[in-house]
Every structure is written in structure tokens, then in C-alpha cells.
Amino acid sequence: MKTSTIISFLIILFAFLCCSYDEPEQKDTIPPSKVHLIPHLGDVGDIDTETGQIDFSITDKDNGIDAVQSGDLDYNWMKIQWDGTELAQDGDIHHIDVYRYFYGDPLKDTVLVATVPYQPDSTQYVDTFEGVETIIQQTWFYFIVPYDEADNFTNSDTVSYRLLGVPGLLTPENNDECGINENILFSWNDVSLSTSYRIIFFDTTHSFITSNDIDSTRCNIVPLDLGLIPGYTYIWRIDAFGAEYEPGRRSGSESEERRITFF
Numbered sequence: 003m004k005t006s007t008i009i010s011f012l013i014i015l016f017a018f019l020c021c022s023y024d025e026p027e028q029k030d031t032i033p034p035s036k037v038h039l040i041p042h043l044g045d046v047g048d049i050d051t052e053t054g055q056i057d058f059s060i061t062d063k064d065n066g067i068d069a070v071q072s073g074d075l076d077y078n079w080m081k082i083q084w085d086g087t088e089l090a091q092d093g094d095i096h097h098i099d100v101y102r103y104f105y106g107d108p109l110k111d112t113v114l115v116a117t118v119p120y121q122p123d124s125t126q127y128v129d130t131f132e133g134v135e136t137i138i139q140q141t142w143f144y145f146i147v148p149y150d151e152a153d154n155f156t157n158s159d160t161v162s163y164r165l166l167g168v169p170g171l172l173t174p175e176n177n178d179e180c181g182i183n184e185n186i187l188f189s190w191n192d193v194s195l196s197t198s199y200r201i202i203f204f205d206t207t208h209s210f211i212t213s214n215d216i217d218s219t220r221c222n223i224v225p226l227d228l229g230l231i232p233g234y235t236y237i238w239r240i241d242a243f244g245a246e247y248e249p250g251r252r253s254g255s256e257s258e259e260r261r262i263t264f265f
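The letter at position 90 of the sequence shown is residue 92 when you use the numbering used here, and the numbering goes up by one with no holes.
Right, dumping it as C-alpha cells:
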């Protein structure tokens, strides 16, 4: 009787332990989805080859990798962008590492630029080149590596852009006021290896208004001829463009921005 009681007790104890035992959670080994960085898609004021008209769909915000203004510095910063759709669907991304290298040996020259916390609504990063000595006349390559909560990772593809020197604005002065029918001289410093320039006008909300392509460092503009309106203040800047060193590999830079009011 004692033996059967003990056996029954052991069976019950074993069953209890089996029910209360939690198997260890299986480790996540699925890497994040592959991210596609956006190459340089064009510049504000580009002409649509099909219509022959300015393509207003190209903006500074969504044109892929590009030079961006850096205040009064003599070089631009670099903006990179990626398609974050698949990462958002993954649902477990923790952070993103941003890597850069210049035209050379990726295995030797690649550096970690930044580690940024993952935010589903943030799909771009601006590289300020902190600690870098030679920035202009360099082709810069970028890729990113997203990590999930389990530390799995996937490398993105690579994009590149070559930075030219910044066009230094000369005339007119910032916050100048000019007549709408006045013949106004716009001028700036030459940029080495640039092949053309573009003067761009925005309204004060930074919406693109109009532009004019130029092959020299000065031009005379009558504002009314460009459709600009008296009584309004506009933002203007100069973009410099260089040759494509290889098919699809673009180069360029942006000047600082100035304001001008027409009466």
C-alpha cells in the first residue's frame, strides 16, 4: 500500500513539474528585411525629358542622396535616404548603423558614421563629416545596417555622390530689396570642376517657384521675366553641377540661401 501511494505521489509530482516547466523561448534568427538606399534622383529645377517642362515633383526632401547646405561652412553635408516600408513591416527593428567610405578600398576605408535609434517615420540621415579633413572633390559611398531586437542584421545596398565646393554668393546681399523690372546682377564664386550652375527661387515656405540654368558665375535677371511678383520675398540659392564620373554617379553642391524682396 505504501509503495503504491509513493508511486502515485511521484506520478502526480512529475505531471505537475511537466506542466509548470516553461520551455526556453526560441531565439529569433530571422534578419531584418534588406533596405534599399535611394540614389540621386535629380535636382530641383530639372527638366522632364518627356514634357520639356520643369519637373516639380523633384524636391530637396525626396531626391535621394544629395548635398545639403551647412550654413556658412565651405563644404556641404550629405543627406542619405532609404525606403523604410519593409523595415516598418518587420516590427522589431532596434537601431540602424550608418557607414561611409570614399572612392578607394571599402574594406580599409569604411567607417561607422553613426548609430541611430530606429524610428519608423525617419528614413534619412545627414552626415556632417565630423572629424573629416578632405571633404570636397571626394566621391562618398554609403550603406546602412539595420539591427533587430535579437541583434540580427542585414546590409543595405550602396549609394554614392561626389561633393563639389560650395558656390560663395556675392551679389545681391542678403535681404536686399530690388525693383521687379530692375536688371539685377546675381553673382557667385567659381567652383572647381563644375560644368554648370542653376539659380533657384523658393517662396518663404521653401516651395519651389522657378529656376534658371547658367554656364557662368554671373547673370543678369529681370524678376518679372521669371514670373516673380512684386511685394513678395523670395529665397534664392545657387546649385553647382559637375560631370558624371561614371554613369549615374552625380556630383554637385549647394550655396547658402539668401532672401530678396521685390517692389
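The beta-carbon is built from N, C-alpha and C at its ideal position, and this holds for glycine as well.
{"Check": "Tell me whether the beta-carbon of Arg-261 lies closer than 8 angstroms to the beta-carbon of Tyr-236.", "Outcome": "yes"}
{"Check": "Counting along the chain, where does the alpha helix (DSSP H) carrying Asp-111 start and finish?", "Outcome": "108-111"}
{"Check": "Are the CB atoms of Ile-82 and Ile-98 within a distance shorter than 8 angstroms?", "Outcome": "no"}
{"Check": "Considering only the alpha carbon of each residue, which of Thr-206, Asp-92, Ile-95, Pro-108 lies closest to Thr-141?", "Outcome": "Pro-108"}
{"Check": "Do Glu-258 and Asp-62 have their C-beta atoms within less than 8 angstroms of each other?", "Outcome": "no"}
{"Check": "Have a look at the DSSP bridge pairing and note the partners of Ile-186.", "Outcome": "Ile-223"}
{"Check": "Applying the 10 Å Cβ sphere with the 16-neighbour rule, what's the burial state of Ile-32?", "Outcome": "exposed"}
{"Check": "Do Gly-244 and Leu-172 come within 8 angstroms of each other at the CB atom, strictly closer than that value?", "Outcome": "no"}
{"Check": "List the residues that DSSP assigns as beta-bridge partners of Asp-85.", "Outcome": "His-38"}
{"Check": "Under a Cβ-count criterion, where at least 16 other Cβ atoms within 10 Å of its own Cβ denotes burial, should Thr-125 be classed as buried or exposed?", "Outcome": "buried"}
{"Check": "Since Asp-227 contacts Arg-200 with CB under 8 angstroms, what's their CB separation in whole angstroms?", "Outcome": "With a Cβ gap of about 16 angstroms, Asp-227 and Arg-200 do not count as contacting."}
{"Check": "Within the continuous beta strand (DSSP E) that includes Arg-102, where are the two ends?", "Outcome": "95-104"}
{"Check": "Is it buried or exposed for Ala-152, if we count other Cβ within 10 angstroms and need 16 for buried?", "Outcome": "exposed"}
{"Check": "Using DSSP with H/G/I as helix, E/B as strand and the rest coil, what is Asp-150?", "Outcome": "strand"}
{"Check": "Please tell me whether Arg-86 and Pro-41 are closer than 8 angstroms, where the distance is taken between their beta carbons.", "Outcome": "A quick correction: the sequence has Gly, not Arg, at residue 86. No; because the gap between Cβ atoms is not below 8 angstroms, this pair is not in contact."}
{"Check": "Please work out which residues of its chain come closer than 7 angstroms, Cβ to Cβ, to Asp-111, disregarding the five sequence neighbours upstream and downstream, and give them in chain order.", "Outcome": "Tyr-103, Phe-104"}
{"Check": "With a threshold of 16 other CB atoms inside 10 Å of the CB of Val-113, please say whether the residue is buried or exposed.", "Outcome": "exposed"}
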